[in-house]
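Colleague: Just passing along the structure, written as structure tokens.
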Amino acid sequence: MVERSIVKIDEEKCNGCGKCIAPCAEGAIEIIDGKAKIVSEDLCDGMGFCVGVCPTGALSVESRQTLQFNSEKAAQTPKRSDSSIYCNICERDELERYLIPVRHDNDSIWICTKCLPSLIH
Ligand code: SF4
Ligand SMILES: [Zn+2]
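Structure representation (structure tokens):
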């Protein structure tokens, strides 16, 4: 066991929507009995890419005692795709553009890096 950053899931807030599954490149999250769960703590690297996509604020990153991250095991987990992941402005998907999760009007949306400046200026 080591002290390190790892994702924390608040099951009271989780509605089981599954939006956090595909953004986790390590395949660490699955929906079990209607709630998001970290299937194996050595798969979560604590980077928190899932945090911004959660519409209910159920995800956060905390520091606690857990298993060491296993990058070899994570590299062997199948990558997930999700048809709901596309830029909400130009509608291009992650195969065409780099996408960033953005919060707006109480919703979590994806915006590509080319469209992002139009929101900033
Ligand atoms: S995105 Fe949030 S609410 Fe949806 S399944 Fe994941 S933790 Fe639960
Ligand atoms: Zn775009």
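Every letter in the sequence shown is one number past the one before it in full-length UniProt numbering, and letter 3, counting from 1, is 3.
C-beta: ideal position from N, C-alpha, C; glycine also.
So, using beta-carbon positions, are Val-61 and Cys-20 closer together than 8 Å?
Modeller: It is not a contact, given that the beta carbons lie outside the stated cut-off.
Colleague: If you measure from each residue's Cβ to the nearest non-hydrogen atom of ligand 4, which ones come out under 7 Å, in chain order?
Modeller: As far as ligands go, the structure on display features ligand 1 and ligand 2 and does not contain ligand 4.
Colleague: Return no unless some Cβ of chain D is closer than 8 Å to the Cβ of Lys-13.
Modeller: Protein chain content of the structure displayed is limited to a single chain, and chain D is not contained in it.
Colleague: Quick one: Cα of Gln-68 to Cα of Pro-23, how far?
Modeller: Each residue's Cα considered, the two are about 21 Å apart.
Colleague: Residues in its own chain within less than 8 Å of Gly-57 by CB, not counting five upstream and five downstream?
Modeller: Taken in chain order, the residues that qualify are Asp-10, Lys-13.
Colleague: Curious, which full-length alpha helix (DSSP H) runs of at least 4 residues does the UniProt domain "4Fe-4S ferredoxin-type" (5-34) contain?
Modeller: Qualifying alpha helix (DSSP H) stretches: none in this window.
Colleague: Assign Leu-99 to one of three DSSP states: helix, strand, or coil.
Modeller: Residue state, collapsed to three classes: strand.
Colleague: Is it buried or exposed, Gly-27, if we count other Cβ atoms within 10 angstroms and call 16 or more buried?
Modeller: The residue is buried, with at least 16 neighbouring Cβ atoms inside 10 Å.
Colleague: Using the Cβ count rule (16 or more neighbours within 10 Å means buried), how would you classify Asp-45?
Modeller: Buried: at least 16 other Cβ atoms inside 10 Å.
Colleague: Which residue wins for smallest C-alpha separation from Lys-79, given the options Ala-25, Lys-8, Gly-18, Ile-100?
Modeller: Taking only the C-alpha atoms, the option nearest Lys-79 is Ala-25.
Colleague: Taking the straight line between their C-alpha atoms, what separation do you get for Ala-75 and Asn-15?
Modeller: About 28 Å.
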